[in-house]
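In the working numbering, the protein residues as written are 327 to 704. Note that CB positions come from ideal geometry on N, CA and C, so glycine has one too.
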Amino acid sequence: MKFFNLGRLRRFAAGTLAAAFALSVALPVQAANPTYQLNAPVALLMEVDNRQIIYQKNMDQAMYPASITKIMTALLACENAELDETITMSYEATHSIDYGSSHIALDTDEQISVENALYALMLPSANDAANGLAEHVGGTMQDFAVMMNDRAAELGCTNTNFANAHGLHDANHYTTAHDIALIAAKAAEDEDFCRIWATMQHDVPPTNKNVLRNLWSQVRMLNKDGNYYYQPCTGGKLGWTPEAKNTCVLVAKQNGMELMCVLMGVTTAGDMFRDAEYLFEYGFKNLQMYQIENEEDQTRSAIGYNTAGQAIGKMQLGYNVSCLVDKSAQPDNITAEWTIPEEPILGSASGAYVTLTMEDDGESGQYEVLGTYPAQVV
327 MKFFNLGRLR RFAAGTLAAA FALSVALPVQ AANPTYQLNA PVALLMEVDN RQIIYQKNMD
387 QAMYPASITK IMTALLACEN AELDETITMS YEATHSIDYG SSHIALDTDE QISVENALYA
447 LMLPSANDAA NGLAEHVGGT MQDFAVMMND RAAELGCTNT NFANAHGLHD ANHYTTAHDI
507 ALIAAKAAED EDFCRIWATM QHDVPPTNKN VLRNLWSQVR MLNKDGNYYY QPCTGGKLGW
567 TPEAKNTCVL VAKQNGMELM CVLMGVTTAG DMFRDAEYLF EYGFKNLQMY QIENEEDQTR
627 SAIGYNTAGQ AIGKMQLGYN VSCLVDKSAQ PDNITAEWTI PEEPILGSAS GAYVTLTMED
687 DGESGQYEVL GTYPAQVV
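This is the structure we're talking about:
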């Protein structure tokens, strides 16, 4: 298993930073279990807060996502609707799905809250709930698909096209492990989203058409009584179609770290959960979080001036900077290098950024890029 390694120091031009900040950290291959081979043909392990990539395998390969599509559906619902709003299910929303697929038997003209539709979407992966949310937020399911693709582009996705809100097979419906990780990381910033996908069981109260529904999550890592229970797991979404095979996005927290695992195209669910646990355990056992604490590394003297020749402010990081490094890393070997344009702009879009680098032990003179972070002028 080969882990992401940048080797020598890379220098970035100001203004070329992607929204995703494709970060990486050097991991010692010998720390991995040499007898374990990932079953997933596509895999990604990423730190959630700063999108730092720890491990990747074919992360930019276009794949059918199946129901992990619903992460984008949930994100748009959380961003564009209130939880207590009422969805009235249309005939098309309830009857356009394959009845052999996952659903909660929502009926035409049935009314359900956005919140309960989200629980149905994320726990039993209800495709009828996905359609209802799509119509409620987008007006039509077709217009909602446009919203999905527009939002994906805004989040830095480069090889994604959504054709529906649920993920049932469509040859023109695809994404990559990296793209869906960017979408899920954004969704994970929403407290309601996190609460819902972390839930194992939820009751939907009686509606105007149906009695109480008892919903259970498909994420076996959340089930304390199951064979694949994983205590650090704090949420996730699974998917499956014959074409996509097993897919998942899972999140786990431990030792101050929040890691996200994406797996796609896995033949069996068991193999998928074993792969996920292995990647999580590798990250938690071999990495630690490093945070800049030296005030000198967080600010720089003003170098921007107004027309009167007066300094306009100082360069400052817009948020606390932290990144994952190997547990053997020495803080004294980590440095912050500033890149500042000749005419910085006031605010968060200053064009300035800080690159954290770590010098290799010994006399090689080589560096590892740990992360690149935007700065703001205040």
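- In the three-state scheme derived from DSSP, where H, G and I count as helix and E and B as strand, Pro-391 is classed as coil.
- Look at the beta carbons and you see the stretch 397-410 not touching the stretch 594-605: under three pairs across the two are nearer than 8 Å.
- Beta-bridge partners assigned by DSSP to Thr-665: Tyr-679.
- By the beta-carbon neighbour count (other beta carbons within 10 angstroms, threshold 16), His-504 is buried.
- Cβ-Cβ distances below 7 Å link Ala-419 to Asp-454, Asn-457, Gly-458, Glu-461 in the same chain, with the five nearest sequence neighbours on each side left out; the list follows chain order.
- Taking C-alpha positions only, Thr-533 is separated from Leu-447 by approximately 17 Å.
- Per DSSP, Gly-426 is not a residue of any beta strand (DSSP E), being assigned neither H nor E.
- Taking all protein chains shown into account, Leu-538 has fewer than 16 neighbouring C-beta atoms within 10 Å of its C-beta and is therefore exposed.
- Going by beta carbons, Glu-694 and Thr-681 fall outside the 8 Å limit.
- With three or more CB-CB distances shorter than 8 Å, the stretch 500-517 counts as touching the stretch 376-386.
- Using a C-beta cut-off of 8 Å, the stretch 475-484 makes no contact with the stretch 554-561, since fewer than three inter-stretch Cβ pairs fall below that distance.
- In the DSSP assignment, the residues bridged to Pro-700 are Tyr-679.
- For Gln-363, no alpha helix (DSSP H) run applies, since DSSP gives it neither H nor E.
- For Gln-468, there is no enclosing beta strand (DSSP E); the residue is part of the alpha helix (DSSP H) that begins and ends at 467-480.
- Excluding the 5 residues flanking it on each side, Met-526 has same chain C-beta neighbours closer than 6 Å at Ser-543, Leu-548, in chain order.
- In this structure the stretch 366-380 lies against the stretch 585-593, because at least three pairs of beta carbons, one per stretch, are closer than 8 Å.
- When DSSP states are grouped into helix, strand and coil, Glu-418 belongs to the helix group.
- Looking from the CA of Asn-581, the closest CA among Glu-517, Gly-565, Leu-564, Phe-606 belongs to Phe-606.
- Annotation for Phe-488: Thr-395, Met-398, Ala-471, Met-474, Asn-475, Ala-478, His-499, Thr-501 place their beta carbon closer than 8 Å to its own, counting only its chain and skipping 5 residues before and after.
- Per DSSP, reduced to three states, the secondary structure at His-492 is coil, with no helix or strand assignment.
- For Trp-566, the closest C-alpha among the options Val-575, Asp-652, Leu-508 is that of Val-575.
- In the three-state reduction of the DSSP assignment, Ile-618 falls in the coil class, being assigned neither a helical nor a strand state.
- It is roughly 14 Å from the alpha-carbon of Val-651 to the alpha-carbon of Glu-584.
- Leaving aside the five residues that flank His-421 on each side, none in its chain has a CB nearer than 6 Å to its CB.
- A check of alpha carbon separations from Pro-450 across Ile-438, Gln-437, Trp-523, Ala-407 identifies Trp-523 as the nearest.
- Straight through space, the alpha carbons of Ile-380 and Gly-465 are spaced by roughly 39 Å.
- Under a 10 Å Cβ-count criterion, Glu-517 is classified as exposed, with fewer than 16 other Cβ atoms of the shown protein chains found around its own Cβ.
- Straight-line spacing of the CA atoms in Pro-657 and Gln-617 works out to 9 Å.
- Our two residues, Ala-403 and Val-440, have alpha carbons roughly 8 Å apart in a direct line.
- Note that the C-beta distance between Cys-649 and Gln-378 is below 8 Å.
- In the structure shown, the three-state DSSP call for Leu-409 is coil.
- Residue pairing by DSSP places Gly-562 opposite Leu-576 in a beta bridge.
- Taking C-alpha positions only, Gly-609 is separated from Leu-508 by approximately 19 Å.
- Considering only Gln-468, Asp-469, Leu-401, Thr-484, the residue with the shortest C-alpha distance to Ala-443 is Leu-401.
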